[in-house]
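S.K.: Chains as they are written, first to last, in the working numbering: chain V, 24 to 329; chain G, 24 to 329.
I am attaching a structure below and will ask some questions about it afterwards.
Printed below as a string of structure tokens:
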């Protein structure tokens, strides 16, 4: 009997796999380093061998797999499972990952953008359960997101809706990987935090990471605290647009940088409360996702279950 | 028998009323100048006497009214018909216009923001009929809007979603009536067009209107053409955010300034195509609403019909 599902979160630094039961509990998980610049067939090989390995570790066989869900960083054509483009994997141009995986695995495969999968997970089993109208914001190397309205995911025409990271916050600002400039992704992601810290601390060491800045901010080092305030200020400008445009009940933060939520949230709130309309900005629930790194795995499973 | 409906569009300069049949055809219409700074009871009196007058002109009696729909400029609590606030009518603070009108008229009354009513009209009988995912942008003295996703209006928690005019396009920019600064409403509305024209033409006359600038742009007067390009550039920044966030099939333009669409649309498209992601920006339908000044009247009726 088909009793379990595989959820996969393909990230720029690691590929995470989980075996999930019908109640959305993770039975077993594995994580693999992502080869730099991996192309489509490398990704498919890595996923297929990862599934064998995680099944083996769990004492399960591939006969029991009911479905596979995959979250990927990039724009995915909804309903087709084709990755249109991915800043993390430049070789994945119009890559039909769903077809290749379903041929290799002989089970139904669902593919979507990783932030959409994380939002499905948080909606099904995490911080977003109570909300019909919410926006999920993932903050890490980049900034992604997903929108729910009227209890449904907002996908838009092609399934690319939710690109919060590319809201323009400085019209004449820094060039972004997407081809635009002044996107909030350049001003409120992990790299921006390091940049603000360096500029204020005069620490020019190449080795400093957002993680380091986080630890220094926890220790109340002023340039590190400034870096998170500055990042929160820009994130607040983008979220002002989101609040005025969508009037969400809740803003849910996930991704690595969301661990630092208490360092940046006061600045976000100050900007949103000052700039957004009174009625939609009052009483917004700002919350960290509760599924952590498992959000996209669980969401991918929720989405892929028949 | 109750056979017709009244649609009302309360604007900052005029109040428009229409008697609409069951097939959403306008049988008869009237328009009244809006008294400056009118308070709630003045508005109710004006609407009630306007309805009597338009019925009389049409040879109808109030017995035949099945429902009344009202569009108002401002934030309206959805489901309650209470105007939370209105920049055009500062005295309408938490004004329960629905209750007052339904007591006076003894028929069901529905109240919503004017841009939402216009969107309902265009969705029911205008340019938005074919689209399940679209954004309506009204451009006049201010900029408003409405969002549809998955075939449904996106209202958000309180019903205030769609405030496109308050997307931030210059973080350190001009103060806006909403309390924020740098909102696109300050950079792409009728007043902004006049401002750009004045700055470029060195015409400092107080009397020049957006209408005048429009006529001069049609005559290919360079400073007037520049004014619409500049306005379109800023509108394009805000719509880049909208396109990345919502991936709409269509952007529908209404309001007085939308008459100048061919003057500003090339700049809007140039910015959106340069800045927004390829997949969502390609093939967007940019269209002027087809219901013109009747959009909110027809939408109010569509929304109010039992």
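We treat Cβ as the ideally placed atom computed from N, Cα and C, and that holds for glycine.
Between the C-alpha atoms of residue 57(V) and residue 272(V), what's the straight-line distance to the nearest angstrom?
M.R.: 36 Å
S.K.: To the nearest angstrom, how far is the alpha carbon of residue 98(V) from that of residue 89(G)?
M.R.: 48 Å
S.K.: In this structure, does DSSP put residue 183(V) in helix, strand or coil?
M.R.: The answer is coil: DSSP assigns residue 183(V) none of H, G, I, E or B.
S.K.: Kindly indicate if chain V contains any beta-carbon less than 9 Å away from that of residue 111(G).
M.R.: Answer no: the Cβ-Cβ gap between residue 111(G) and chain V never drops below 9 Å.
S.K.: Of the residues that make up the stretch 55–86 of chain G, which ones have a beta carbon closer than 9 Å to any beta carbon in chain V?
M.R.: none
S.K.: Just to make sure I have the definition right: I need the residues of chain C whose C-beta is within less than 8 Å of the C-beta of residue 234(V). Which are they?
M.R.: No chain C appears in the structure shown, which is made up of the protein chains V and G.
S.K.: If you run the structure through DSSP and keep just helix, strand and coil, what is residue 149(G)?
M.R.: Collapsing the DSSP output to three states places residue 149(G) in coil.
S.K.: Considering just the uninterrupted stretch of the beta strand (DSSP E) at residue 32(G), what are its terminal residues?
M.R.: 27–33
S.K.: Count the CB pairs spanning the stretch 117–126 of chain G and the stretch 62–74 of chain G that are closer than 8 Å, and state whether there are at least three.
M.R.: Contact holds: three or more Cβ-Cβ distances are below 8 Å.
S.K.: Which whole runs of the alpha helix (DSSP H) in the stretch 52–106 of chain V are 4 residues long or more, in chain order?
M.R.: 63–81
S.K.: Three or more C-beta pairs under 8 Å: does that hold for the stretch 142–151 of chain V against the stretch 260–271 of chain V?
M.R.: no
S.K.: Thinking just about the alpha-carbon of each residue, which of 82(G), 313(G) and 286(G) is nearest to the one in residue 242(G)?
M.R.: 286(G)
S.K.: Going by Cα to Cα distance, which pick from 41(G), 34(G) and 35(G) is closest to residue 27(G)?
M.R.: 41(G)
S.K.: Alpha carbon to alpha carbon, how far is residue 144(V) from residue 319(G)? Give it in angstroms, no decimals.
M.R.: 39 Å
S.K.: Does the beta carbon of residue 244(G) come closer than 9 Å to any beta carbon on chain V?
M.R.: no
S.K.: Taking residue 248(G) as the reference, which of 327(G), 289(G) and 92(G) has the closest Cα?
M.R.: 289(G)
S.K.: Can you give me the C-alpha to C-alpha distance between residue 176(G) and residue 131(G), rounded to a whole angstrom?
M.R.: 21 Å
S.K.: Quick one, which of 127(V), 215(V) and 47(V) has its alpha-carbon nearest residue 85(V)'s?
M.R.: 127(V)
S.K.: Measuring only the C-alpha atoms, how far is residue 225(G) from residue 172(V)?
M.R.: 47 Å
S.K.: Measuring alpha carbon to alpha carbon, tell me which of 181(V), 180(V), 142(V) and 147(V) ends up nearest residue 168(V).
M.R.: Nearest C-alpha to residue 168(V) among 181(V), 180(V), 142(V) and 147(V): 142(V).
S.K.: Which residues bound the beta strand (DSSP E) around residue 298(V)?
M.R.: Where residue 298(V) is concerned, there is no enclosing beta strand (DSSP E), although the alpha helix (DSSP H) it sits in stretches over 284–298.
S.K.: Please identify, using Cβ separations under 8 Å, the residues of the stretch 176–187 of chain G that lie next to chain V, in order along the chain.
M.R.: 177, 178, 179, 180, 181, 182, 183, 184, 185, 186 and 187
S.K.: If you measure between the beta carbons of residue 283(V) and residue 259(V), is that distance less than 9 Å?
M.R.: No, Cβ-Cβ distance for residue 283(V) and residue 259(V) is not below 9 Å.
S.K.: From residue 322(G) to residue 182(G), what does the alpha carbon distance come to, in whole angstroms?
M.R.: 16 Å
S.K.: Are the C-beta atoms of residue 272(V) and some chain G residue less than 9 Å apart?
M.R.: yes
S.K.: Here's the rule I'm using: 16 or more other beta-carbon atoms within 10 Å means buried, otherwise exposed. How should residue 109(V) be labelled?
M.R.: buried
S.K.: Spell out whether any CB of chain V is found under 9 Å from the CB atom of residue 173(G).
M.R.: yes
S.K.: Return no unless some Cβ of chain G is closer than 9 Å to the Cβ of residue 138(V).
M.R.: no
S.K.: Less than 9 Å between CB atoms is the rule here; does residue 201(V) satisfy it with respect to chain G?
M.R.: With a threshold of 9 Å between beta carbons, residue 201(V) makes contact with chain G.
S.K.: So, are the CB atoms of residue 299(G) and residue 277(G) less than 9 Å apart?
M.R.: no
S.K.: Does any residue of chain V have a CB that is nearer than 9 Å to the CB of residue 277(G)?
M.R.: Closer than 9 Å to the CB of residue 277(G) there is not a single CB belonging to chain V.
S.K.: Just to confirm the assignment, what range does the beta strand (DSSP E) spanning residue 130(G) have?
M.R.: Note, residue 130(G): premise wrong, no beta strand (DSSP E); not H, not E.
S.K.: Can you tell me whether residue 171(V) is helix, strand or coil according to DSSP?
M.R.: strand
S.K.: What are the boundary residues of the alpha helix (DSSP H) that residue 210(G) is part of?
M.R.: 208–211
S.K.: How is the beta strand (DSSP E) around residue 235(G) delimited, first residue to last?
M.R.: Looking at the DSSP string, residue 235(G) is not in any beta strand (DSSP E); the run it does join, the alpha helix (DSSP H), is 233–241.
S.K.: Taking 9 Å as the threshold (C-beta atoms), are residue 158(G) and residue 196(G) in contact?
M.R.: no
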